[in-house]
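Only one structure is covered here, and it is reproduced in the block below.
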Amino acid sequence: MQVTYFQRKPRGHSNYSVERVFDGVRRELSDRIEADVCVAPCHSSGLVDRIRIACHARRHQGEVNHVTGDTNFTALGLDGRRTILTNLDCGYIASSAGLRRWLLSLLWLKLPVRHVAAVTTLSNQMRAEIVRHTGCPSDKVHVIPVAVPAGLTALPREFDSECPRILQVGTTANKNLPRLIEAVAGLSCKLIII
Numbered sequence: 002m003q004v005t006y007f008q009r010k011p012r013g014h015s016n017y018s019v020e021r022v023f024d025g026v027r028r029e030l031s032d033r034i035e036a037d038v039c040v041a042p043c044h045s046s047g048l049v050d051r052i053r054i055a056c057h058a059r060r061h062q063g064e065v066n067h068v069t070g071d072t073n074f075t076a077l078g079l080d081g082r083r084t085i086l087t088n089l090d091c092g093y094i095a096s097s098a099g100l101r102r103w104l105l106s107l108l109w110l111k112l113p114v115r116h117v118a119a120v121t122t123l124s125n126q127m128r129a130e131i132v133r134h135t136g137c138p139s140d141k142v143h144v145i146p147v148a149v150p151a152g153l154t155a156l157p158r159e160f161d162s163e164c165p166r167i168l169q170v171g172t173t174a175n176k177n178l179p180r181l182i183e184a185v186a187g188l189s190c191k192l193i194i195i
C-alpha cells in the first residue's frame, strides 16, 4: 500500500516534533507500506499560501493520504475517502476569539474532520474535544498514543518525592507555559523546560 504523508513546511529550528514522530512511524512501517512525504510548498500563513498548499496536496495524492497535523485544511484538497487526518491539539481554538476563532474552527477542524475517512489523535481527552467541537461520531476518531522513537530506553530512577522533576516539552503559545509556571509556583519541584 502506498501512503503519502502531508507535512507543513518547517520554520527554522522549531516545530519538528510531529515530523520526527512520523519519521519513526514510517521507519517502523517500512516493510508494510511504501511511504512518500509531501512537504507544503510554503509556510501556512495567509489565505493565498493556504490555498497553494491545498492545491499542491491535491496534485500529490497517494493511494492513501495522511495529513500529519498543523495544516489540517490540506485535507479539503484531497479525496476524503482515502484520507486520514491526525489532529494533536485543539488549543488553537481556545486561544482565539471572534472571526478568527470561527475560521480556525471551521477550516482546521470541522470541515477537515467531516471530509476525511478517519481521524487520529493522541489521547481520549483529545478525542472527546474533537467530537465536542465537530459533532462527528466518536468511532471516527481513533486514539493512537505518541510513538516513542527507536533507541530511547527507560532509565530507571528513584522518584524524588521531596522535589519531583516536571518536564515541559515545548514553549509555543498552545503549551500554556505561563499558566504552568503559575501552577507550580511555591511548590517544591524542579520545572525543566525544553
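Number 3 in my numbering belongs to position 2 of the sequence shown; there are no gaps in the numbering. Idealized CB from N, CA, C, for every residue including glycine. Quick caveat: nothing in here was measured; it's all calculated off a predicted structure.
CB contact flag (residue i, residue j, <8 Å)
i: residue 71; j: residue 115; result: no
i: residue 94; j: residue 105; result: yes
i: residue 66; j: residue 53; result: no
i: residue 132; j: residue 142; result: yes
i: residue 5; j: residue 63; result: yes
i: residue 123; j: residue 146; result: yes
i: residue 37; j: residue 3; result: yes
i: residue 39; j: residue 50; result: no
Residue i, enclosing alpha helix (DSSP H) - first and last residue
i: residue 167; result: No alpha helix (DSSP H) holds residue 167; the beta strand (DSSP E) holding it covers 166 to 169.
i: residue 67; result: Where residue 67 is concerned, there is no enclosing alpha helix (DSSP H), although the beta strand (DSSP E) it sits in stretches over 65 to 68.
i: residue 182; result: 178 to 185
i: residue 104; result: 99 to 105
i: residue 95; result: 92 to 95
i: residue 158; result: Residue 158 -> no alpha helix (DSSP H), and no H or E assigned at all.
Where the beta strand (DSSP E) containing residue i begins and where it ends
i: residue 26; result: Taken as a continuous stretch (DSSP letters only), residue 26 belongs to no beta strand (DSSP E), being part of the alpha helix (DSSP H) at 18 to 29.
i: residue 37; result: 35 to 40
i: residue 120; result: 119 to 122
i: residue 192; result: 191 to 194
For residue i, three-class secondary structure by DSSP
i: residue 163; result: coil
i: residue 112; result: helix
i: residue 143; result: strand
i: residue 12; result: strand
i: residue 62; result: coil
i: residue 87; result: strand
i: residue 4; result: strand
i: residue 44; result: coil
i: residue 56; result: helix
i: residue 71; result: coil
Exposure label - residue i; buried when at least 16 CB within 10 Å
i: residue 109; result: buried
i: residue 184; result: exposed
i: residue 29; result: exposed
i: residue 111; result: buried
i: residue 1; result: This structure cannot settle anything about residue 1, because the visible part of the chain is limited to 2 through 195.
i: residue 153; result: exposed
i: residue 138; result: exposed
i: residue 187; result: exposed
i: residue 91; result: buried
i: residue 163; result: exposed
i: residue 26; result: buried
i: residue 175; result: exposed
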